[in-house]
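A.B. asks: Right, I'll just put the structure down here and ask away after.
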């Protein structure tokens, strides 16, 4: 079956991202496809390559990256909402350049795109599951 | 009177940071001193210089910076908890270098320090007010 | 003491917890979604006595933002942020029921 | 439908809202702090009938993390994440009471 | 693309958290996808469409007027929980008069908001293919 | 430095949100400042010190054992709401046996946890200079 997942909260503050990751991992292990994970609201903060948790704790961002969720074109299907991302300081190189910001923090396992990707995921998947606060 | 403020949530997701800013602004206008604002939990995300809200919305990070809260040595007293910050990908140049991360995102109106600064603020202020979810 | 409550009692238990442990000289200030508790509604009885004693405040800006300024329960005192600051000064230790 | 509830009914109203609108063929899965609703406590009556009909599930990992595995209410069915996935597959549309 | 029934479930008020405004942003994008869209307002979510919101005093953006645009995007099924309104001392007359023009009825202006009981809401929810919660 | 009475108010369970663990991190730092420290556990916060938490199944760090270290840092006033315990079907025997060694009583091991009524908690709260809420 084809799953889509929406994550509404950032790493560590709420369990939502951990739960979503465990769900995604289990779905893949059971032979299902995760066609897209859409990060919305504070969920965009899961995509930061600056994240440095303590050694003895899980690394939420690397957990997501380890799932290696990509589409047929090889693009990441860990998708970060652009509007939510800019508002919260999550930038890829292109957005940073466009806005004359020095530096960027998007982890390469993720990509930034529009809200249409969430609706599309709802249409194209068999099930969309929301994880939030 | 000498106030300290603790902010537990990031910008935009919860009103906490906006409320804390309005409170701090009013306190200063009333002739009080804000001796420190301590950003804890997701509150650390208020310190990102990457933040790019829409033109027609308030800029939470710049709002904080505009208060220009500094101590007698000219250091910012907008203090970001280091443990909470690293866990959530909020880095100054020193932490980035130390952890071999390329780039950093701390706004120069803020500084990163330890949790002791929160306790110290509780001891040295006349009032500590917490804003959270 | 000043107790701030920033959530609706329809959504969360924080107002009830505050009321369970508030002493006789403390006051409550509703901010953010907490101002929903200042409206005249099914939960108003929770704070009626405290309000009658002049011990319940609500932040005007948050009341206006929720469109409930014409629907306040009896005896709620409105303050602006400057009044919020004054309440913190006057009532000492601030407890936030976040 | 599968309804997930991730908050304690002591803290929030989301379980009650779910119960107000759940139809006769739907099931509930408690995850995260929602598993507190699966423990035997003052709120257990809220879900007793649904549980007796085999329609209430709780995520084992979250139950264990809260130290309440020996304190579950009657008729709660435990699942792991793999079982969570199966519930989503089996019950169609997923509603999250976040 | 196939047409699916999408429900947007709104249970929180407008300014305490970002969910209300960011939910509305999704709904406006969703309009372009020509799916069957319903919005449900329950619990404190009913405050999102209360008339007369003024945000000058809190320095936040007043997006409440954007709800008036929904009709132009053919989003005209806004279900509001009767029980949630009543608990909060609110009635339909306290809500914004949101309308749409019905293309099947000579573009007559009709109300988009429908106050429904929780039992009616239950039936509406049961028909949905996708539920996005905010 | 002056000594103040600090209360740490814990109202949420351990793993659903970060507040519990990051509250504990503050408390451990606070110990170095030689202030008068009290912890209050009420509402779902009482679950933070329930015995037998196991986090292998959710991939999160089990920090519950860290509460045992508090006694070594002279943090030994942990007040737990009796009403909150009872509502949740819990009693004192379900809690971790947290202890400290009393230096004023020949280092005798004594319980750090004290179950108190909300009225008793009210009196304790009234004495505090600073209240940090988590």
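Protein chains in written order, with this note's numbering: chain B, 13 to 145; chain A, 13 to 145; chain V, 72 to 169; chain F, 72 to 169; chain E, 428 to 561; chain C, 428 to 561. Cβ coordinates follow ideal geometry from the N, Cα and C atoms, glycine included.
Assuming the contact rule is C-beta atoms closer than 8 Å, residue 57 of chain B and residue 99 of chain A should be a hit. Round their C-beta distance to whole Å, please.
C.D. replies: Going by Cβ atoms, the distance from residue 57 of chain B to residue 99 of chain A rounds to 11 Å, so no, they are not a contact pair.
A.B. asks: Roughly how far, in whole angstroms, is the beta-carbon of residue 62 of chain A from the beta-carbon of residue 117 of chain A, given that I think they are within contact range, below 8 Å?
C.D. replies: Going by Cβ atoms, the distance from residue 62 of chain A to residue 117 of chain A rounds to 5 Å, so yes, they are a contact pair.
A.B. asks: What residues from chain F crowd round residue 139 of chain B, counting only those whose CB sits closer than 8 Å?
C.D. replies: Those within 8 Å of residue 139 of chain B in chain F are 159, 160, 163, 164 and 165.
A.B. asks: Looking at the structure shown, is residue 475 of chain C part of a helix, part of a strand, or coil, going by DSSP?
C.D. replies: Of the three classes helix, strand and coil, the one that applies to residue 475 of chain C here is helix, per DSSP.
A.B. asks: For chain V, is any of its Cβ atoms less than 8 Å away from the one on residue 469 of chain E?
C.D. replies: Answer no: the Cβ-Cβ gap between residue 469 of chain E and chain V never drops below 8 Å.
A.B. asks: For the beta strand (DSSP E) containing residue 76 of chain A, list its first residue and its last residue.
C.D. replies: Premise fails: residue 76 of chain A lies in the alpha helix (DSSP H), 72–78, not in any beta strand (DSSP E).
A.B. asks: Within 10 angstroms of its Cβ, does residue 125 of chain F collect 16 or more other Cβ (buried), or is it exposed?
C.D. replies: Exposed: under 16 other Cβ atoms inside 10 Å.
A.B. asks: If you drop the 5 nearest sequence neighbours on each side, which residues of the same chain put their C-beta closer than 8 Å to that of residue 108 of chain A?
C.D. replies: The answer, listed in chain order, is 114, 115 and 116.
A.B. asks: From the DSSP output, in three-state form, read off residue 47 of chain B for me.
C.D. replies: Reduced to three states, the DSSP call for residue 47 of chain B is strand.
A.B. asks: What is the DSSP secondary structure of residue 63 of chain A, counted as helix, strand or coil?
C.D. replies: Coil, per DSSP.
A.B. asks: Would you mind sorting residue 534 of chain E into buried or exposed? The rule is 16 or more other CB atoms within 10 Å of its CB.
C.D. replies: Looking at its Cβ environment, which holds fewer than 16 other Cβ atoms inside 10 Å, residue 534 of chain E is exposed.
A.B. asks: Look at the alpha carbon of residue 511 of chain E and the alpha carbon of residue 145 of chain B, and state the distance between them as a whole number of angstroms.
C.D. replies: So the alpha carbons of these two residues sit roughly 21 Å apart.
A.B. asks: Here's a check: name, in chain order, each residue in its chain whose Cβ is nearer than 8 Å to the Cβ of residue 71 of chain A, leaving out the five neighbours to either side.
C.D. replies: So the qualifying residues of the chain are 63 and 65.
A.B. asks: Just the Cα atoms here: how many angstroms apart are residue 98 of chain F and residue 480 of chain E?
C.D. replies: Each residue's Cα considered, the two are about 38 Å apart.
A.B. asks: Any idea what DSSP makes of residue 106 of chain F, helix, strand or coil?
C.D. replies: Helix.
A.B. asks: What does residue 24 of chain A reach in chain B if we use C-beta pairs closer than 7 Å?
C.D. replies: Under the 7 Å cutoff, chain B gives 99 and 100.
A.B. asks: Is residue 77 of chain B near the ligand ATP, with its Cβ less than 7 Å from a heavy atom?
C.D. replies: The model depicted lacks the ligand ATP and carries no ligand whatsoever.
A.B. asks: So, with DSSP's three-state summary, where would you put residue 506 of chain E?
C.D. replies: In the structure shown, residue 506 of chain E sits in a strand (DSSP, three-state: E or B).
A.B. asks: In or out: residue 126 of chain B buried (at least 16 other Cβ within 10 Å) or exposed?
C.D. replies: Looking at its Cβ environment, which holds fewer than 16 other Cβ atoms inside 10 Å, residue 126 of chain B is exposed.
A.B. asks: Any idea which residues DSSP pairs residue 74 of chain V with across the strands?
C.D. replies: Looking at the DSSP assignment, residue 74 of chain V forms a beta bridge with V:99 and V:166.
A.B. asks: Out of E:451, E:460 and E:488, state which residue places its alpha-carbon closest to the alpha-carbon of residue 467 of chain E.
C.D. replies: Per the Cα distances, E:451.
A.B. asks: Can you tell me which of A:55, A:42, A:22 and A:104 puts its alpha carbon nearest to the alpha carbon of residue 124 of chain A?
C.D. replies: Of A:55, A:42, A:22 and A:104, the residue nearest in Cα terms is A:104.
A.B. asks: In terms of residues, what are the limits of the alpha helix (DSSP H) holding residue 17 of chain A?
C.D. replies: No alpha helix (DSSP H) contains residue 17 of chain A, which is instead part of the beta strand (DSSP E) from 14–19.
A.B. asks: In terms of DSSP beta bridges, what is residue 466 of chain C paired with?
C.D. replies: Its beta-bridge partners are C:435 and C:505.
A.B. asks: Please list the partners that residue 150 of chain V has in chain A, where partner means a Cβ-to-Cβ separation under 7 Å.
C.D. replies: Correct list: empty, because the minimum Cβ distance to chain A is about 10 Å.
A.B. asks: Under 8 Å Cβ-Cβ, which residues of chain C neighbour residue 27 of chain B?
C.D. replies: Result: 442, 443, 444, 485 and 487.
A.B. asks: With burial defined as no fewer than 16 other Cβ atoms inside 10 Å of the residue's Cβ, what is the status of residue 39 of chain B: buried or exposed?
C.D. replies: It counts as buried.
A.B. asks: Check whether the stretch 513–531 of chain C touches the stretch 435–446 of chain C, counting contact only when three or more Cβ pairs, one atom from each stretch, lie closer than 8 Å.
C.D. replies: With a cut-off of 8 Å, the stretch 435–446 of chain C and the stretch 513–531 of chain C do not count as touching, because too few Cβ pairs lie within range.
A.B. asks: Suppose you measure from the CA of residue 82 of chain V to the CA of residue 454 of chain C; what does that come to, to the nearest Å?
C.D. replies: Spanning the two alpha carbons is a distance of roughly 29 Å.
A.B. asks: Starting from the C-beta of residue 1 of chain B, find all residues in its chain whose C-beta is less than 8 Å away, skip the five residues before and the five after it, and write them out in chain order.
C.D. replies: Chain B is shown only over 13 to 145; residue 1 of chain B falls outside these bounds and no answer can be derived.
A.B. asks: Could you check whether the stretch 498–513 of chain C touches the stretch 456–467 of chain C, counting it as contact only if at least three pairs of C-beta atoms, one from each stretch, sit closer than 8 Å?
C.D. replies: Yes, since at least three Cβ pairs between the stretch 498–513 of chain C and the stretch 456–467 of chain C fall closer than 8 Å, the two stretches touch.
A.B. asks: What are the start and end residues of each continuous beta strand (DSSP E) run of 3 or more residues lying completely inside the stretch 119–161 of chain V, in chain order?
C.D. replies: Entirely contained in the stretch 119–161 of chain V, the beta strand (DSSP E) runs reaching 3 residues are, in chain order, 127–130 and 148–150.
A.B. asks: Looking at the secondary structure, which residues open and close the beta strand (DSSP E) in which residue 125 of chain A lies?
C.D. replies: It spans 123–125 - the beta strand (DSSP E) in which residue 125 of chain A sits, taken as one unbroken run.
A.B. asks: Could you pull the DSSP bridge partners for residue 139 of chain A from this structure?
C.D. replies: Note: residue 139 of chain A sits in a beta bridge opposite A:15.
A.B. asks: Note down, in chain order, every chain C residue with its Cβ under 8 Å from the Cβ of residue 142 of chain A.
C.D. replies: Chain C residues near residue 142 of chain A: 558, 559 and 560.
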